[in-house]
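Taking it in order: structure first as structure tokens, then the write-up.
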Amino acid sequence: MREEKALFIIFGGTGDLAQRKLYPALFNLYRRGHIQKSFAVIGTARRPWTDEHYREVVADSIRGSVDADFYTEAMVENFADHFYYQSHNVNDTEHYMILKKLAQQLDDEYEIGGNRVFYLAMSPRFFGTIAEHLKTQKLVTDHGYNRVVVEKPFGRDLATATELNQSIEKYFPADSIFRIDHYLGKVMIQNITAIRFGNSIFRNLWNNRYIDNIQITLSESLGVEERACYYETAGALRDMVQNHILQIVSLLTMNAPVSFNDQDLRQEKISALKSLKVYTPDEVAHNFVRGQYGPGEGVHAYRDEDNIADDSAIETFVAGKLEVENMNFAGVPVYIRTGKRLATKATRIDVIFKKMPTNIFPGVALTNNVLSIDVDPNEEITLYINDKDYDTGFKMKQLPLAYRNQNRDCPEAYEKLLHDLLRGDATNFTHWEEVKYSWQFVDAIRSAWDMETPAFPNYESGSMGPQAADELLARDGKQWFFDPTKTN
Ligand code: NAP
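FYI, the numbering for the sequence shown is 49 to 536, going by this note's numbering.
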């Protein structure tokens with residue numbers, strides 16, 4: 049196992065993301081041997097924590113989220129010993145000087161060799177000032193790599209995203225900025241390229257001659273929970289479509305990269321996003337549906353949740369029909385939907401192939417072949433084919449050929465992404481141009497929606513969204529293949 053050497057400086061080290069995701073992911077890298085002796089972590093935030101308290105917090109976050117079969121207490125303690133806390137206000141220049149000293153000391157002590165990861169696990173409004181201070185106060189080294197990791201949301205429209213990007217790129221070269229979209233770390237999302245470009249049957253069929261339509265569902269059963277303040281300024285379009293959904297669309301509709309490396313892959317993803325048709329306001333009205341949840345069994349309407357305005361016009365649901373204007377996908381509608389308080393929690397992709405050009409079986413109905421990719425909570429691939437009923441006579445039935453990943457110890461998204469980051473592999477991080485074209489597409493929808501006040505709430509909690517989301521497909525003679533409200 050190759051040991052990756054790095055000093056992590058986590059800004060927002062006391063926060064939710066660090067505790068729920070980053071510390072368990074780092075621990076998993078440690079127990080698998082990807083990081084061993086030559087690593088240290090400095091957590092910084094304003095709270096006046098001691099190293100001892102910080103290590104306890106780190107250990108608790110591991111005990112709370114990693115399966116107890118995979119570690120011993122001694123492993124957790126040895127791991128936590130690599131963690132140091134520095135109380136720090138990111139706006140205060142003096143603190144960067146203290147941080148620099150500690151970083152140098154740990155770099156020497158752990159023989160890290162100058163590799164630094166600056167993880168900005170805090171509000172994007174601080175990214176610019178942190179990037180500036182890291183550079184001007186010389187926290188970057190000249191004898192190892194310096195990588196900056198940023199989280200979503202990356203801006204709230206193209207203008208703010210551009211500004212944010214410039215504020216970081218002013219101090220760090222483009223190839224040292226790693227924009228996290230944790231969906232890109234999910235095993236089944238990474239599997240899209242494997243399925244498409246590793247199998248000749250799919251390579252040949254993956255185009256507008258054979259694919260009828262593509263459906264992507266990111267549904268959540270929970271409501272807004274504690275994220276009310278953020279959600280009221282974002283909504284489902286910015287929170288889920290601009291990043292996760294459009295990333296999935298790009299992986300499904302891009303052309304084959306010349307080879308499987310970050311540069312070639314990103315180039316094709318950028319082209320796919322660039323070829324999305326940007327809608328006029330009339331086209332938005334025709335192709336996009338927004339919704340907000342009303343009450344349901346034992347749950348409140350969105351507008352009755354804590355910290356939500358009584359007349360909030362924020363959407364908790366989006367469905368849309370996207371058009372990809374490239375040679376391979378022109379004419380293939382890509383239907384997307386995402387929402388809160390829906391019937392189930394699931395991320396699911398259905399690629400619906402065209403029906404047979406003619407049916408030679410008298411009196412027998414043939415269904416479309418469908419390739420379904422369940423991303424979570426199950427990790428499953430299912431290919432639906434038409435199969436002869438094993439009986440006398442000749443009837444057909446739809447047969448699901450399914451494989452479900454049963455590996456309990458499969459690396460989680462953040463672990464995979466942090467491992468990629470340490471190896472300098474940017475394949476599963478979002479390039480600025482991808483962000484740019486995604487905002488361009490989303491901004492057109494947002495500005496059309498902002499011209500009118502929607503009639504909310506318009507869907508019941510526990511359903512699969514407003515009726516208009518079904519009508520969007522029915523109008524084209526189609527329906528959602530994934531319907532958790534129906535029992536099979
Ligand atoms: P959070 O729990 O509110 O944490 C924010 C962190 O920033 C805290 O550690 C806070 O600590 C620190 N902080 C705030 N102001 C500071 C200042 N002036 N100087 C130094 N430290 C300061 O937020 P989060 O949920 O972890 O999210 C962090 C980032 O990740 C956000 O951009 C969020 O959108 C993104 N994100 C989070 C998740 C998630 O699951 N949580 C998922 C995707 C993306 P002190 O109060 O001690 O200073």
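Note that CB positions come from ideal geometry on N, CA and C, so glycine has one too. From a predicted model like this one, the values you see are computed outputs, not experimental measurements.
With a threshold of 6 Å, the Cβ atom of Ser171 counts as near ligand 1, since some heavy atom of the ligand is closer than that.
Per DSSP, Ile429 lies in no alpha helix (DSSP H); the unbroken beta strand (DSSP E) holding it starts and ends at 428-436.
Taken atom to atom, the span from the alpha-carbon of Thr501 to that of His101 is near 49 Å.
Non-local beta-carbon contacts of Ala320 in its own chain, meaning distances under 6 Å to residues more than five positions away in sequence, involve Ser298, Thr301, Met302 in chain order. Closest option to Leu465, judged by alpha-carbon separation, among Gly176, Glu199, Met170, Asn434: Glu199. Glu180 is the residue among Ala361, Gly441, Glu180 whose C-alpha sits nearest the C-alpha of Asn213. By the neighbour-count definition (other C-beta atoms within 10 Å, threshold 16), Leu187 is a buried residue. Taking 7 Å as the cut-off, the Cβ atoms of Val106 and Tyr158 do not count as close. Annotation: the continuous beta strand (DSSP E) that includes Asn194 extends over 194-198. Taking the C-beta atoms as reference points, Asp115 is found no nearer than 7 Å to Trp487. Around the beta carbon of Tyr78, 16 or more other beta carbons sit within 10 angstroms, so the residue counts as buried. A direct Cα-Cα distance of roughly 52 Å separates Glu482 from Asp439. Going by DSSP, Gln263 is part of the beta strand (DSSP E) stretching over 259-267. Contact between Leu266 and Met288 holds, since their C-beta atoms are separated by about 6 Å, short of 8 Å. Taking a 10 Å sphere around the C-beta of Leu370, we find 16 or more other C-beta atoms and assign the residue as buried. Taking a 10 Å sphere around the C-beta of Glu519, we find fewer than 16 other C-beta atoms and assign the residue as exposed. With at least 16 other beta carbons inside 10 angstroms of its own, Glu463 counts as buried.
For Leu270, the three-state secondary structure derived from DSSP is coil. If you compare the alpha carbons of Leu150, His334, Phe75 with that of Gly112, the shortest gap goes to Phe75.
For Tyr327, no alpha helix (DSSP H) segment is defined, and its DSSP state is neither H nor E. In this structure, the CA atom of Gly61 is about 10 Å from the CA atom of His136. In the same chain as Asn255, and ignoring 5 residues on each side of it, the C-beta atoms closer than 6 Å to its own belong to Asn376, in chain order. Between ligand 1 and Lys200, a heavy atom-to-CB distance of less than 6 Å is present. The alpha helix (DSSP H) runs lying completely inside the segment 124-171 and spanning 4 residues or more are 141-157, given in chain order. Nearest C-alpha to Leu294 among Ile397, Ser248, Val306: Ile397. Measuring C-alpha to C-alpha distances from Gly81 to each of Ala496, Glu508, His467, Glu428 identifies His467 as the nearest. Under the criterion of beta carbons closer than 8 Å, Gly283 and Glu363 qualify as touching, at roughly 5 Å. The alpha-carbon separation between Leu147 and Ser215 amounts to approximately 21 Å. Under the three-state reduction of DSSP, Arg396 is assigned to strand. In the structure shown, Phe442 falls within a coil segment according to DSSP collapsed to helix, strand and coil. Just measuring C-alpha positions, the residue of Gln134, Phe401, Gln153 sitting nearest Pro96 is Gln134. Short of 6 Å from the beta carbon of Ile318, and not among the five residues preceding or following it, lie these beta carbons of its own chain, in chain order: Glu481, Glu482. The C-beta distance from Leu313 to Thr475 rounds to 6 Å, short enough to fall under 8 Å.
Contact between the segment 503-513 and the segment 237-248 is absent, with fewer than three C-beta pairs closer than 8 Å. In the DSSP assignment, Tyr383 falls within the beta strand (DSSP E) that extends over 382-387.
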